[in-house]
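Worksheet for the structure shown next.
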Amino acid sequence: METIIEKLREILEPDQIIENADMAQHTSFKAGGCADVLVCPSDAEQLQQVLAVLSDVPHMVLGNGSNVLVRDGGYRGVIVKIGEHFNYIRREGNKLICGAGALMSAVAKKAASEGLSGFEFASGIPGSIGGAVFMNAGAYGGETKDILEEAHVIAADGSGQSVMTAEDLQMGYRHTVLHETGDVVTEVILKLEEGDEAEIRERMSELTKQRNAKQPVQYPSAGSFFKRPEGYFAGKLVQDAGCKGLSVGGAEVSPLHSGFIINKGGATATDITQLKELVQARVFDKFGVMLEPEVRIIGEEPDGAADAVSGEPVGTVDDYVMTYDLHTHTTYSHGTGSVEDNVKVAVEKGLEFIAISDHGPGHLFYGIKRNEIPNFKKDVEQMAEKYPQISVRASVEANILHAEPGTDHANGLDVKPEEFKDFDFIIAGFHFGCTHCSSIKNWLWSHGIKAGEENLRKSNTKMITDALRLNDIAILTHPGDKGPFDILEIAKVCAETNTLIEINGRHNHLTVDEIKEAMQVEGLNFIISSDAHSPDAVGSYKASLQRALDAGLDISRIVNIRRDY
Numbered sequence: 001m002e003t004i005i006e007k008l009r010e011i012l013e014p015d016q017i018i019e020n021a022d023m024a025q026h027t028s029f030k031a032g033g034c035a036d037v038l039v040c041p042s043d044a045e046q047l048q049q050v051l052a053v054l055s056d057v058p059h060m061v062l063g064n065g066s067n068v069l070v071r072d073g074g075y076r077g078v079i080v081k082i083g084e085h086f087n088y089i090r091r092e093g094n095k096l097i098c099g100a101g102a103l104m105s106a107v108a109k110k111a112a113s114e115g116l117s118g119f120e121f122a123s124g125i126p127g128s129i130g131g132a133v134f135m136n137a138g139a140y141g142g143e144t145k146d147i148l149e150e151a152h153v154i155a156a157d158g159s160g161q162s163v164m165t166a167e168d169l170q171m172g173y174r175h176t177v178l179h180e181t182g183d184v185v186t187e188v189i190l191k192l193e194e195g196d197e198a199e200i201r202e203r204m205s206e207l208t209k210q211r212n213a214k215q216p217v218q219y220p221s222a223g224s225f226f227k228r229p230e231g232y233f234a235g236k237l238v239q240d241a242g243c244k245g246l247s248v249g250g251a252e253v254s255p256l257h258s259g260f261i262i263n264k265g266g267a268t269a270t271d272i273t274q275l276k277e278l279v280q281a282r283v284f285d286k287f288g289v290m291l292e293p294e295v296r297i298i299g300e301e302p303d304g305a306a307d308a309v310s311g312e313p314v315g316t317v318d319d320y321v322m323t324y325d326l327h328t329h330t331t332y333s334h335g336t337g338s339v340e341d342n343v344k345v346a347v348e349k350g351l352e353f354i355a356i357s358d359h360g361p362g363h364l365f366y367g368i369k370r371n372e373i374p375n376f377k378k379d380v381e382q383m384a385e386k387y388p389q390i391s392v393r394a395s396v397e398a399n400i401l402h403a404e405p406g407t408d409h410a411n412g413l414d415v416k417p418e419e420f421k422d423f424d425f426i427i428a429g430f431h432f433g434c435t436h437c438s439s440i441k442n443w444l445w446s447h448g449i450k451a452g453e454e455n456l457r458k459s460n461t462k463m464i465t466d467a468l469r470l471n472d473i474a475i476l477t478h479p480g481d482k483g484p485f486d487i488l489e490i491a492k493v494c495a496e497t498n499t500l501i502e503i504n505g506r507h508n509h510l511t512v513d514e515i516k517e518a519m520q521v522e523g524l525n526f527i528i529s530s531d532a533h534s535p536d537a538v539g540s541y542k543a544s545l546q547r548a549l550d551a552g553l554d555i556s557r558i559v560n561i562r563r564d565y
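This is how it looks when you write it as structure tokens:
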């Protein structure tokens, strides 16, 4: 790090470099550890030079810090703060030209004073306009993409600058392509409309009153903590799961608005992340919905890191239990037991939840037959009624194929979109024994014939990522098995699509090295599955968990593993 600091000193003034920076002072949660170095470039040219120096060094760009939490162990790298040097705002016609560091509140005041309408929805959003573009921030029915004309962007490695529209940025719900590229916004141009200043101020005042009445603005927080799952409201799920007012240390689920985790005083980042995990577990157990944080959580756990539920040291595999197994097979495909056989073992092992997920109907040798799906569903429903002590769900392990428009596999799966309703949720993975998936090439590769490996890796990776983006897939099964894949790229898309990535007990993928790759991706959660093909294997997890421990994965990121009390 000293060499990097020396290079940064050639670009920046001494007061622009802070070593061992307390990130609680730079984030809205007012909690968290220290970053090795924090730098504050003064303009786009300096920022570009800094990014070039940091191209091979762990670093993160920070705006106002209103959507970031640094773990208590700190951040081993460089934080690049887009701060006061980028807070300019000026009017040109019906447009506002804003430095990426300008606060949303300041932009709102400028818009109102200039009689420009369109920004009212964002007047109460904390943070900077650059962060708003990065996350496509929104509130009260409006989103940043609705008013963005263009953003000036510097490449993540400092290699160049470009101008991007909302379409270029692929702005979706709390997501843009910048999450994948790491490119940095320096300037934002907003397209607004002429309006009446008094009406604009009145609307902003109304929204501020609504916000103050419904949100815990008096406490440090990062705003809404969880993304809105499709078809639900996160705060309502949290409340209905009995988590309103739930606390860990100084962190609390706000009694005023259950979508907020607040720092009531003295909360550590560990308090906040442990509370997050408790809420996620309770919501999933009750509703089968995995809440995804809207807050970016970075950095390392402190030495002697504790388990999120028990607060005890991480320990060994014997210190944990599996709570549910969502990948098991029966005689409907090529398992050896019945649905009831699998459910019985799950009950005996104390699982709270089991899914029967036989192979998709496109498998040439052992997929579930389409005409058997009604019987399959009936079996599962009967077992759910017969064994009320466990949640029993019907799933299918769809086979991932190349998405080809105009075909019956245009969505990249052997399960058609109209068939999704037949199952409680869909899991999916790559398998031999299907057409339209380069099965022969991958079989040859797995048997030592590596010709064309890089092209095959690119093709396989695109096949997986296309399927993830085209479908609502709950779990990506055994990625890395049966062919060459770019695990890091796949992991990024899993995080983007809120898909759990599986550590599989039968195929030994993800491997330790693959877990290390995948765990670099912020916001990615893991699940351990037995992939049981016989009843006795249902609920098997220890070999997979050992790989996770060997990789150094934070166990709290595995959604179905908890401390054995």
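All the letters of the sequence shown, read from the start, carry residue numbers 1 to 565 under my numbering. For each residue, glycine too, the CB sits at the ideal point set by N, CA and C. As the structure is a computational prediction, the values presented were derived from the model and not from experiment.
Can you have a look at residue i and say buried or exposed, based on whether 16 or more other CB atoms are within 10 angstroms of its CB?
| i | result |
| --- | --- |
| Glu-312 | Low local confidence applies: a pLDDT of 47 at Glu-312 is under 50, so the model's placement there is unreliable, and no value is given. |
| Ser-10 | Before going further, note that residue 10 is Glu rather than Ser in the sequence given. That one is exposed. |
| Gly-127 | buried |
| Glu-245 | The sequence given here has Gly at residue 245, not Glu. So Gly-245 ends up on the exposed side. |
| Pro-417 | exposed |
| Lys-450 | exposed |
| Lys-421 | exposed |
| Asn-263 | buried |
| His-447 | exposed |
| Tyr-173 | exposed |
| Ser-123 | buried |
| Ala-198 | exposed |
| Asp-481 | buried |
| Gly-242 | exposed |
| Ala-308 | Below a pLDDT of 50, predicted positions are generally treated as unreliable, and Ala-308, at 44, falls in that range; the measurement from the model is reported next regardless. Buried, by the Cβ-count rule. |
| Thr-499 | buried |
| Gly-130 | buried |
| Ala-467 | buried |
Per DSSP, residue i is paired with what?
| i | result |
| --- | --- |
| Lys-264 | BP columns for Lys-264 are empty, so no partner. |
| Tyr-572 | Residue 572 is absent from the structure shown; the chain starts at 1 and stops at 565. |
| Leu-413 | Ile-400 |
| Asp-611 | Since the first residue shown for the chain is 1 and the last is 565, residue 611 is missing from the structure and cannot be characterised. |
| Arg-563 | Tyr-320 |
| Ala-394 | Ile-356 |
| Val-538 | BP columns for Val-538 are empty, so no partner. |
| Ser-529 | Asn-504 |
| Gly-65 | In the DSSP output, where bridge partners are listed per residue, Gly-65 has none listed. |
Suppose you measure from the CA of residue i to the CA of residue j; what does that come to, to the nearest Å?
| i | j | result |
| --- | --- | --- |
| Arg-563 | Ser-162 | 48 Å |
| Cys-629 | Asp-285 | Look at the range of the chain in this structure, 1 to 565, and you will see that residue 629 is not part of it. |
| Gly-505 | Tyr-541 | 6 Å |
| Lys-236 | Gly-250 | 23 Å |
| Gly-266 | Phe-226 | 22 Å |
| Lys-81 | Glu-167 | 26 Å |
| Met-204 | Pro-14 | 40 Å |
| His-329 | Asn-342 | 8 Å |
| Ile-154 | Phe-526 | 32 Å |
| Leu-278 | Cys-98 | 39 Å |
| Lys-369 | Ala-398 | 12 Å |
| Glu-567 | Val-70 | Since the displayed the chain opens at 1 and closes at 565, residue 567 lies outside it and no answer follows. |
| Val-347 | Phe-423 | 22 Å |
| Phe-233 | Ala-21 | 36 Å |
| Met-463 | Leu-178 | 22 Å |
| Glu-187 | Ala-44 | 9 Å |
| Met-1 | Thr-273 | 28 Å |
| Ala-31 | Ile-298 | 12 Å |
| Ala-403 | Val-538 | 32 Å |
| Ser-534 | Ser-333 | 12 Å |
| Pro-302 | Gly-523 | 19 Å |
Is any heavy atom in the ligand GDP found nearer than 8 Å to the beta carbon of residue i?
| i | result |
| --- | --- |
| Gly-337 | Among the ligands in the structure shown, none appear at all, so the ligand GDP cannot be discussed. |
Taking Cβ positions only, does residue i come closer than 9 Å to chain B?
| i | result |
| --- | --- |
| Glu-397 | The structure shown contains no chain B; it is built from a single protein chain. |
To the nearest whole angstrom, what separates the beta carbons of residue i and residue j, a pair I think is in contact under 8 Å?
| i | j | result |
| --- | --- | --- |
| Ser-221 | Ser-28 | 7 Å |
| Leu-326 | Pro-229 | At roughly 17 Å, the Cβ-Cβ gap does not stay under 8 Å, so Leu-326 and Pro-229 are not in contact. |
| Gly-101 | His-85 | 7 Å |
| Ala-384 | Ile-356 | The Cβ separation is near 10 Å, so there is no contact. |
| Pro-58 | Leu-12 | Between Leu-12 and Pro-58 the Cβ distance is about 18 Å, and since that is not below 8 Å, they are no contact. |
| Asp-271 | Val-248 | 5 Å |
| Thr-497 | Arg-469 | 6 Å |
Contiguous alpha helix (DSSP H) assignments of at least 4 residues, all confined to the region 440 to 495
453 to 470
To test your reading of the DSSP string, which unbroken beta strand (DSSP E) runs of 3 or more residues are found completely within the region 148 to 199?
148 to 154, 161 to 164 and 184 to 191
Which ranges does the beta strand (DSSP E) cover as unbroken runs of at least 3 residues, wholly within the region 313 to 350, from first to last along the chain?
320 to 322 and 324 to 328
Let me know the beta strand (DSSP E) ranges lying completely inside the region 75 to 144, each 3 residues or longer, listed in chain order.
75 to 81, 89 to 92 and 95 to 99
Contained beta strand (DSSP E) runs [length at least 3] in the region 195 to 265, N- to C-terminal order:
221 to 224, 251 to 253 and 260 to 263
Report the start-end ranges of each alpha helix (DSSP H) in the region 493 to 524 that is 4 residues or longer and not cut off at the edges.
512 to 518
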